[in-house]
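Keeping their order, the protein sequence lines are chains A and B.
Once you know that position 159 of the first sequence is 164 in my numbering, the rest is easy, because the numbers rise by one and skip nothing.
Once you know that position 133 of the second sequence is 237 in my numbering, the rest is easy, because the numbers rise by one and skip nothing.
Note that the Cβ used here is the ideal one computed from N, Cα and C, for glycine as well.
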Amino acid sequence: MAELNPPPWEPRIVAFVCKWCTYAGADLAGTVRLRYPANVRIVKLPCSGRIDCFFIVKALEQGADAVLVSGCHPGDCHYSDGNYHARRRFRLFRRLLEFLGVDLRRVQFACVSAAEGMKWADLVSDLADEVRQLGPYREYHQMCAGDGTGDERDREATHA
Amino acid sequence: MARIGLFVCRCGRNIAGTVDVAEVAGILAEHPGVVHAEEYTYMCSDPGQLKVAQTIADQHLTGVVVAACSPQLHERTFRIACEKGGLNPYMCEMANIREHCSWVHPEEPATTEKAIELTRVAVEKVKHSRPLTPIRIPVNRRVLVIGAGIAGIQVALDAARGGYDVVLVEREAYVGGHMAQLSATFPEMERSRFLLRPKLAQLLSHDNVWLLTNSEVVELTGFVGNFKATIKTRPSTDAEAGLDLADEVFPRGVERQRQESTVEVEVGAVVPAIGYDVYPLESIPEYGSGSIPNVLTSLQFEQLLRTSEGGELRRPSDGAVPREVVFIQCVRSRDREHGMPYCSRICCMYTAKQAMLYKQRVPDGQAYVFYIDIRAQGKDDEEFIRRAAEQYGVLYLRGRVSRIFPQDGKVVVWGADTLSGMNVEIPADAVVLALAMTPAHGALDVARLLGVGADDHGFLTEAHPKLRPVETSTAGIFLAGACQAPRDIGSCVAHASGAASKVLELFSARHLEREPEIAHIDEGICAGCFDCREVCPSRAIEVKEIRDRRGELLDTVATVNDGLCQGCGLCVATCRSGAADLEGYTDSQLFSQIEALSSRWTSTTSAEKPGGGHGG
Chain A
6 MAELNPPPWE PRIVAFVCKW CTYAGADLAG TVRLRYPANV RIVKLPCSGR IDCFFIVKAL
66 EQGADAVLVS GCHPGDCHYS DGNYHARRRF RLFRRLLEFL GVDLRRVQFA CVSAAEGMKW
126 ADLVSDLADE VRQLGPYREY HQMCAGDGTG DERDREATHA
Chain B
105 MARIGLFVCR CGRNIAGTVD VAEVAGILAE HPGVVHAEEY TYMCSDPGQL KVAQTIADQH
165 LTGVVVAACS PQLHERTFRI ACEKGGLNPY MCEMANIREH CSWVHPEEPA TTEKAIELTR
225 VAVEKVKHSR PLTPIRIPVN RRVLVIGAGI AGIQVALDAA RGGYDVVLVE REAYVGGHMA
285 QLSATFPEME RSRFLLRPKL AQLLSHDNVW LLTNSEVVEL TGFVGNFKAT IKTRPSTDAE
345 AGLDLADEVF PRGVERQRQE STVEVEVGAV VPAIGYDVYP LESIPEYGSG SIPNVLTSLQ
405 FEQLLRTSEG GELRRPSDGA VPREVVFIQC VRSRDREHGM PYCSRICCMY TAKQAMLYKQ
465 RVPDGQAYVF YIDIRAQGKD DEEFIRRAAE QYGVLYLRGR VSRIFPQDGK VVVWGADTLS
525 GMNVEIPADA VVLALAMTPA HGALDVARLL GVGADDHGFL TEAHPKLRPV ETSTAGIFLA
585 GACQAPRDIG SCVAHASGAA SKVLELFSAR HLEREPEIAH IDEGICAGCF DCREVCPSRA
645 IEVKEIRDRR GELLDTVATV NDGLCQGCGL CVATCRSGAA DLEGYTDSQL FSQIEALSSR
705 WTSTTSAEKP GGGHGG
């Protein structure tokens with residue numbers, strides 16, 4: 006069996022995207038055969054405004070090393086202002102995450118339109134590189150386990 | 105218990121070239137709830153679709169997952185296939201393993217691993233899907249048209265001839281809009297009112313048309329097929345009543361309103377055809393802000409041309425025949441700093457027309473035109489401009505005019521001829537300004553009232569500039585004419601007939617079917633905070649009173665209007681008590697999708713299953 010050579014660690018990135026813009030932008034990246042790393046898993050939503058902050062928490066809890074939320078550019082929302090509501094919600098949510106000690110590099114936000122296949126490919130490539138540098142997000146689970154005392158120890162464990 | 109059928113598409117080599125399709129089907133065949141898993145060359149082909157329908161019947165499937173291309177392409181195809189097999193079409197999900205996977209990643213285990221995960225996400229989602237039925241909405245087959253210019257008249261006539269009732273609302277006392285004020289059309293040189301008159305006669309004599317002048321729509325509620333409009337009519341003034349005899353465009357037979365009145369009408373569709381205005385001369389200081397005698401707007405000059413037909417054209421200040429007239433194009437058009445950045449599209453043509461009509465009336469006069477570029481793209485337009493220059497001797501000067509000032513009964517024009525590089529000074533008898541076309545005054549109020557979009561300037565916005573040019577983002581509201589963008593009469597009529605055909609399409613059925621992927625609110629959980637109402641972009645959240653048998657108010661909760669909800673899900677993410685949910689994207693579907701992406705599933709070779717910890 007292949008157990009002799011376990012595959013090297015690869016970042017797991019969950020992306021919550023709006024079906025009108027980023028989802029279609031990712032489709033376009035495929036149609037024109039761009040290349041980007043296979044680390045991202047897209048979850049489709051009708052609008053970035055549908056994204057509940059719990060989705061992000063849930064994704065981290067399930068072992069995601071990073072979460073990406075991507076919606077329409079300002080002014081482009083199919084429902085007129087869903088993306089503004091989303092932006093406001095996530096600005097606040099990020100402050101909460103930061104307060105709780107979540108590394109904000111792990112929870113990122115972007116705007117990718119249906120025409121920006123290239124931007125999507127670049128975004129995923131850059132994010133995958135960044136998360137690969139950061140390593141697996143073990144701190145999150147240690148934090149959740151109530152082990153809030155040993156930040157240093159946790160980091161050492163990560164890079165061990 | 106879920107019985108899910110999985111169909112993995114090879115898409116020739118498009119997917120199978122980089123994804124191990126057999127492994128995807130093989131791994132997922134073992135997934136809880138999956139009772140059938142197979143791969144096939146082209147799932148979207150007829151045999152592929154037949155496989156789906158046949159397997160549903162044979163295996164008594166409760167859900168179907170097709171792992172293939174983007175759902176944007178074939179979700180509908182497979183939903184129809186499911187329906188043919190006897191399964192509710194909304195019990196079908198697609199995993200996008202082509203655009204999002206096989207086309208963007210090389211042939212390696214990680215690509216197949218991703219395809220497996222995406223497919224597992226779809227399987228987990230469909231386990232939490234519910235059968236949905238399209239929403240049926242009755243359609244009131246009467247249309248409200250706002251504005252009785254040429255566009256509004258065309259919509260009203262088309263719809264009335266199609267057999268439907270029309271309520272035509274005009275805020276002025278007369279109908280015909282700007283077209284009634286024009287002298288002639290370009291490039292045909294037909295008298296504008298001669299063209300308009302038979303249209304008006306047909307309109308006013310048509311039994312299906314109810315015309316309300318001096319009237320404005322002050323409120324609109326409801327949704328596609330079921331709007332309710334409140335129309336306010338003001339009493340006509342004595343001057344307006346006098347128009348009755350003087351002006352052929354004032355609709356005879358419409359009784360003079362003596363009192364303010366309000367009427368409510370129920371309609372199924374609304375067409376704003378509110379037209380345009382021109383940039384106010386008062387806001388152009390370098391051209392005198394309207395204080396210099398004989399500096400006229402293009403519309404004022406149209407009136408001079410119209411009333412001087414067969415006679416002599418005389419300037420307004422002293423009744424003298426103007427021997428030299430300067431026309432200035434692009435006044436506040438294509439002017440990012442002080443005016444409108446766009447081209448008003450019609451000014452090059454009507455300026456040439458005005459110069460020619462002037463020359464017909466004053467054959468020994470001289471017409472000058474200051475222009476930036478000549479844009480004559482329409483049919484016969486280029487030839488028309490050439491005629492103005494070559495046959496009528498209109499002198500075209502390429503450049504801007506810096507200043508206009510009165511001197512000894514003349515209007516002195518200072519400009520630059522950029523082709524010769526010389527400064528030009530013309531002591532003119534009259535100056536005509538081709539002012540930018542702007543949205544009609546009050547256009548933004550109409551946009552707000554109807555719940556349709558408007559651009560930075562106030563032109564109402566279409567749903568898609570190429571593919572849906574007369575629809576708006578609000579179902580049942582269509583645009584006609586220059587309220588959407590500057591256009592000429594012919595283009596307005598075409599646009600209006602386009603809007604009318606959309607109305608007729610809507611009215612061709614008594615009921616309307618809508619996608620059922622909309623929000624709903626659990627009244628038992630709703631706390632009545634109405635935060636959802638604050639965020640809803642479709643005004644779809646309504647107040648519902650819950651009363652006991654004696655009529656005592658027990659509770660006030662939020663409820664979703666099926667006809668209005670567009671399914672964005674903002675209310676769901678906003679609701680703090682979890683009362684709101686969105687069909688097709690329910691919380692339970694989404695959380696199960698996220699769980700399906702858990703790192704606990706990652707190993708495709710071991711028997712590791714959820715619940716096995718985080719593996720650290």
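Three or more beta-carbon pairs separated by less than 8 Å are not found between the segment 37 to 57 of chain A and the segment 536 to 554 of chain B, which leaves the two stretches without contact. Taking a Cβ-Cβ cut-off of 8 Å, the neighbours of A:Q67 in chain B comprise I698, E699, L701, S702, S703, R704, given in sequence order.
Here the alpha carbons of B:T576 and B:A567 stand approximately 4 Å from one another.
For the segment 152 to 231 of chain B, the continuous beta strand (DSSP E) assignments of 3+ residues that do not extend past its boundaries occur at 167 to 172, 196 to 200, in sequence order. According to the DSSP assignment, B:D685 belongs to no alpha helix (DSSP H) but to the beta strand (DSSP E) extending over 684 to 686.
Interface criterion not met: the Cβ of B:H178 is under 8 Å from no Cβ in chain A.
With fewer than three CB-CB distances shorter than 8 Å, the segment 456 to 465 of chain B does not count as touching the segment 433 to 443 of chain B.
With a threshold of 8 Å between beta carbons, B:G121 makes no contact with chain A.
Burial is judged here by how many other beta carbons sit within 10 angstroms of a residue's own beta carbon; B:E217 has at least 16 and is buried.
For chain B, the residues of the segment 31 to 43 of chain A that bring a beta carbon within less than 7 Å of one of its beta carbons are A31, D32, A34, G35, T36, R38, L39, R40, Y41, A43, in chain order.
Closer than 8 Å to the CB of B:L553 there is not a single CB belonging to chain A. Distance from the Cα of B:G688 is smallest, within the candidate group A:G35, A:K49, A:M148, for A:K49. Chain order gives the chain A residues near B:Q670 as Y84, where near means a beta carbon separation below 7 Å.
Of the candidates B:L110, B:I625, B:V168, the residue whose Cα lies closest to the Cα of B:A141 is B:L110. Not one beta carbon of chain B lies nearer than 8 Å to the beta carbon of A:D127. Minimum Cα-Cα distance from B:G562 among the listed residues B:L417, B:R490, B:K570, B:A547 corresponds to B:A547.
B:V375 places its beta carbon 8 Å or farther from that of B:L616. Look at A:V107: its C-beta is not under 8 Å from any C-beta on chain B.
The beta strand (DSSP E) runs lying completely inside the segment 238 to 304 of chain B and spanning 3 residues or more are 239 to 242, 246 to 250, 269 to 273, given in chain order. For B:H282, the number of other beta carbons within 10 angstroms of its own is at least 16, and it is reported as buried. Considered as a whole, the segment 612 to 646 of chain B harbours 615 to 618, 623 to 625 as its complete beta strand (DSSP E) runs of no fewer than 3 residues, in chain order. Per the C-alpha coordinates, the member of A:D70, A:D32, A:F60, A:G35 positioned closest to A:I18 is A:D70. The way I'd put it, the segment 588 to 595 of chain B does touch the segment 442 to 452 of chain B; three or more beta-carbon pairs between them come closer than 8 Å. At a C-beta separation below 7 Å, A:H90 has these neighbours in chain B: V639, L674. Runs of beta strand (DSSP E) with 3 or more residues, each lying fully within the segment 25 to 73 of chain A, are found at 45 to 50, listed in chain order. The C-alpha of B:P573 lies about 31 Å from the C-alpha of B:V367. Judged by DSSP in its simplified three-state form, B:M105 adopts coil rather than helix or strand. Counting only Cβ-Cβ distances below 7 Å, A:K63 has contacts in chain B at F695, I698, in chain order. By the Cβ rule, the segment 145 to 156 of chain B counts as touching the segment 180 to 195 of chain B, because three or more pairs are nearer than 8 Å.
Residue burial is scored here from C-beta neighbours: B:E197 has at least 16 other C-beta atoms within 10 angstroms and is therefore classed as buried. Here the alpha carbons of B:V139 and A:L132 stand approximately 37 Å from one another. In this structure, the beta-carbon distance from B:A623 to B:A662 does not fall below 8 Å. In chain order, R224, V225, E228 place their CB closer than 7 Å to the CB of B:A700, counting only its own chain and leaving out the 5 sequence neighbours on each side. With respect to chain B, the C-beta atom of A:R93 has no partner C-beta closer than 8 Å. Boundaries of the alpha helix (DSSP H) harbouring B:S692: 691 to 700, taken from the DSSP string.
According to DSSP, B:H140 shares a beta bridge with B:G109.
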